[in-house]
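So the structure is just underneath, and the comments pick up after that.
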Amino acid sequence: MPSIPAEGKGAVGGRSRGLIVAVTCAVVLVGCAAPSTPDRCGGPDPAGDARVLLDGSQESLEGWRSAGPGGFEVAEDCSVRTVGGMGLLWFPEELADYRLTVEWRASGDDNSGVFVGFPDPGDDPWVAVRQGYEIQIDPTDAPDRTTGAVYGFQGADVVARDAALAAPGEWNTLDVVVQDPRITVSLNGAVVTEFVSTDPARDLSSGHVGLQNHGDDDEVHFRSVVLTPLTD
């Protein structure tokens, strides 16, 4: 947060300069408005068959459903953030053979994930855990469950992950390509995990996608989720 200058020597001059700036703003009416939430979220429109599923706006958030006590809320920077404990934000359309591009950021030791290939969870977020696959977001966790790993099944290439991962507080991009039975995960353009599913209880031929709210102590922001259908 910027520091606020204390009143003291030179404060009168400071107020005079402030008055001049205020008058200039009133006359010019350009570039002097107070900071506000952007009018449009999500950046440029996607190309081809790609669709924006989430762009950080309330309107796009309302196209998703929630399971569990935790949820997501719109933040001031055109992103949505995790709030309220363990939960799942999931998209109601079943998908097959797709690329999911997710932009996210976390300040430090925060935990979240991108789920793919799970059936309709109703109000039970554990359905995604037990019947889907989680692409982990947690750069400080164990190798088989760090950012980019298929949680509990295959760890990420930690060397490639470390080279690609942005600093805490900066935005990252996860590309998750699902082509039954394969999942390929890229972090900021670098492939970090290639995984082939052999579990009959987890069906990648179709299913839902979702974002995890891990718990009260974790705050992760998402500003864009883009879906691109894949063909042969």
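Taking this note's numbering, the leading residue of the sequence shown gets 785, the next gets one more, and so forth. All C-beta atoms, glycine included, are put in the ideal place defined by N, C-alpha and C.
By the neighbour-count criterion, in which a residue is buried when 16 or more other Cβ atoms sit within 10 angstroms of its Cβ, Gln842 is exposed. A residue is called buried when at least 16 other Cβ atoms come within 10 angstroms of its Cβ; Trp888 meets this threshold and is buried.
Here the alpha carbon of Gln938 sits roughly 24 Å from the alpha carbon of Ala951. DSSP, read as helix, strand or coil, puts Asp946 in helix. For Leu845, there is no enclosing beta strand (DSSP E); the residue is found in the alpha helix (DSSP H) stretching over Gln842 to Leu845.
Annotated three-state conformation of Trp955 is coil, per DSSP. The three-state reading of DSSP puts Pro927 in helix, counting H, G and I together. By the Cβ-count criterion, Ala948 is buried, with 16 or more other Cβ atoms from all chains shown falling within 10 Å of its own Cβ. Counting only runs that start and end inside the segment 880-940, the alpha helix (DSSP H) elements of at least 4 residues fall at 910-915.
In chain order, Val934, Gln938 and Ile967 place their CB closer than 6 Å to the CB of Phe979, counting only its own chain and leaving out the 5 sequence neighbours on each side. When C-alpha distances from Ser896 are compared across Thr924, Ala985 and Leu845, the shortest belongs to Thr924.
With the rule of 3 Cβ pairs closer than 8 Å, the segment 980-989 does not count as touching the segment 857-873. Under DSSP, Trp874 forms a beta bridge with Arg849 and Gly994. Rounded to whole angstroms, Val993 and Val900 show a C-alpha spacing of 4 Å.
Annotation for Ala974: the continuous beta strand (DSSP E) segment containing it runs Ala974 to Val980.
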